[in-house]
């Protein structure tokens, strides 16, 4: 088993900013860093509201595709 070493925080910040700047440029990096943090502050409440109106079968069909017709089910 190998030992995990963590980068110092200043290195993470510097590399993160370099990656953002390379991917987004200075203007979009500034916009990203200034996005409101409270947008999903109460994620649990949002998720519960989303689930309250969720049709589980429709959700699974959209994610995994509709279940096969009974005559299309392969024998195992």
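Numbering (the working numbering), first residue to last: 2 to 77.
Backbone N, C-alpha and C define an ideal beta-carbon position, used for all residues, glycine too.
Asked, Found
"Rounded C-alpha distance that separates residue 53 from residue 3", "44 Å"
"Cβ pair residue 12, residue 22 closer than 8 Å", "no"
"Runs of beta strand (DSSP E) wholly within the region 5-45 (minimum 3 residues, chain order)", "none"
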